[in-house]
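Visitor: According to full-length UniProt numbering, the residues represented by the sequence shown are 1 to 264, in order. By construction, the Cβ of each residue, glycine as well, lies at the ideal position given by its N, Cα and C atoms.
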Amino acid sequence: MSQQLQYHHHQPQYVHYTGPPGAHIQPQVVNGNAGVAPHSTTHQHQQHQQPSQAVPTTSTSTPLVATGDWTKDLVHLAKTAELKKHALTLQLHTAHILSAHASLQEKSKAIQDIREQRNKLESERTKLLNALREINEDRDKADLMEATIERECHEIRTKMNHLTEGEYAVAKADVDRLRQELGQPPLPSLQSTLDEKSNQYLNERRLSGNDSQNSASAGSKRGSGDLGSPDAPSTGKRPRGRPKGSKNRAKEGTSAAGPSTGVM
Numbered sequence: 001m002s003q004q005l006q007y008h009h010h011q012p013q014y015v016h017y018t019g020p021p022g023a024h025i026q027p028q029v030v031n032g033n034a035g036v037a038p039h040s041t042t043h044q045h046q047q048h049q050q051p052s053q054a055v056p057t058t059s060t061s062t063p064l065v066a067t068g069d070w071t072k073d074l075v076h077l078a079k080t081a082e083l084k085k086h087a088l089t090l091q092l093h094t095a096h097i098l099s100a101h102a103s104l105q106e107k108s109k110a111i112q113d114i115r116e117q118r119n120k121l122e123s124e125r126t127k128l129l130n131a132l133r134e135i136n137e138d139r140d141k142a143d144l145m146e147a148t149i150e151r152e153c154h155e156i157r158t159k160m161n162h163l164t165e166g167e168y169a170v171a172k173a174d175v176d177r178l179r180q181e182l183g184q185p186p187l188p189s190l191q192s193t194l195d196e197k198s199n200q201y202l203n204e205r206r207l208s209g210n211d212s213q214n215s216a217s218a219g220s221k222r223g224s225g226d227l228g229s230p231d232a233p234s235t236g237k238r239p240r241g242r243p244k245g246s247k248n249r250a251k252e253g254t255s256a257a258g259p260s261t262g263v264m
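Okay, structure coming up:
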């Protein structure tokens, strides 16, 4: 029994030491004997040392939590970026609105110009319509007067034909017979008398037209002279006596009146 105790007393004992993390495990000497610890002893010592090593592993694996002004700066930067984004969008929309507003102003000015032009055209159209209405009225009056005069001319021609073929023919035959008996030449025919009257009428119209043209030209010259020098005295002399052609017109009138009275 004593020998067993002595043997047990001298039995080598092993202590397992892991060392720092990542270090190589080396055998240790206990009571002058070196060797490798059994697997059971290493397992027990690892179980005993795990609680002591859990603290540094947990400290290295947990994420860092931002505290203090750094979080405020981060939030401020995020809001600033969002503000820039919305500001750029707002500037883009503002540019579009300003462009549309400028285009709208141009369109409004064009509409105003078109309205003014339309008002001018409308006033001109009203004037032209009024003038056209007056012209149509005058044309209707002229048509009515023309129809009236043509009716009167037709009545006069009918009356002339009736007289020429009736009473005038009988009277003309009696006058020619008596003048022949008295040795006088016969009266001119009715057609020659009418032609003479027509020529006389045309001559009078021509002379009256020339006189009116001369008076108009003289008035225009006198007016231009008065406008050019209103204070200058007139140096031209007015002609004295009757105008040219007045005696001839009087003689033609008396000669034309004579045969017409003789015919009637």
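Could you compute how far the alpha carbon of K120 sits from the alpha carbon of T126?
Guide: Here residue 120 corresponds to residue number 120 of the sequence shown, with the count starting at 1. Here residue 126 corresponds to residue number 126 of the sequence shown, with the count starting at 1. Rounded to the nearest angstrom, the two C-alpha atoms are 10 Å apart.
Visitor: With DSSP run on the structure shown, which of helix, strand or coil describes G183?
Guide: Walking along the sequence shown from the start, residue 183 turns up at place 183. If DSSP states are grouped into helix, strand and coil, G183 belongs with coil.
Visitor: At what residues does the alpha helix (DSSP H) containing S103 begin and finish?
Guide: Taking the first residue of the sequence shown as position 1, residue 103 is located at position 103. D69 to E165 is the span of the alpha helix (DSSP H), which, as asked, contains S103.
Visitor: Thinking C-beta only, is P188 closer than 8 Å to R179?
Guide: Here residue 179 refers to the residue found at position 179 of the sequence shown. Here residue 188 refers to the residue found at position 188 of the sequence shown. Cβ distance not < 8 Å, so R179 and P188 don't count as in contact.
Visitor: Helix, strand or coil, according to DSSP, for S192 in the structure here?
Guide: As a working note, residue 192 is residue 192 in the sequence shown. Looking at S192 - three-state DSSP - the assignment turns out to be helix.
Visitor: Whole angstroms are fine: how far does the CA of E137 sit from the CA of L98?
Guide: Position 98 of the sequence shown, counted from the first residue, corresponds to residue 98. Position 137 of the sequence shown, counted from the first residue, corresponds to residue 137. Their Cα atoms are separated by approximately 58 Å.
Visitor: Short check: CB of T158 to CB of L190, under 8 Å?
Guide: Counting from one through the sequence shown, the residue named residue 158 turns up at place 158. Counting from one through the sequence shown, the residue named residue 190 turns up at place 190. In this structure, L190 does not lie closer than 8 Å to T158 by Cβ.
Visitor: Can you tell me the Cα-Cα spacing of A171 and R177, whole angstroms?
Guide: Numbered from its first residue, the sequence shown carries residue 171 at position 171. Numbered from its first residue, the sequence shown carries residue 177 at position 177. Each residue's alpha carbon lies about 10 Å from the other.
Visitor: Roughly how many whole angstroms lie between the Cα atoms of E181 and Y168?
Guide: As a working note, residue 181 is residue 181 in the sequence shown. As a working note, residue 168 is residue 168 in the sequence shown. Straight-line Cα distance between these residues: approximately 20 Å.
Visitor: Rounded to whole angstroms, what is the Cα-Cα separation between N203 and S215?
Guide: Mapped onto the sequence shown, residue 203 falls at position 203. Mapped onto the sequence shown, residue 215 falls at position 215. Between N203 and S215, the C-alpha separation is close to 18 Å.
Visitor: Cutting at 7 Å between CB atoms, please list the residues of its own chain near A131, excluding the five before and the five after it.
Guide: Within the sequence shown, numbered from 1, the residue matching residue 131 stands at position 131. Answer for A131: no residue qualifies.
Visitor: How many angstroms separate the CA atom of H86 from the CA atom of I114?
Guide: Locating residue 86 in the sequence shown gives position 86, where the first residue counts as 1. Locating residue 114 in the sequence shown gives position 114, where the first residue counts as 1. Rounded to whole angstroms, H86 to I114 spans 41 Å at the Cα level.
Visitor: To the nearest angstrom, how far is the alpha carbon of H96 from that of Q112?
Guide: Here residue 96 refers to the residue found at position 96 of the sequence shown. Here residue 112 refers to the residue found at position 112 of the sequence shown. Straight-line Cα distance between these residues: approximately 24 Å.
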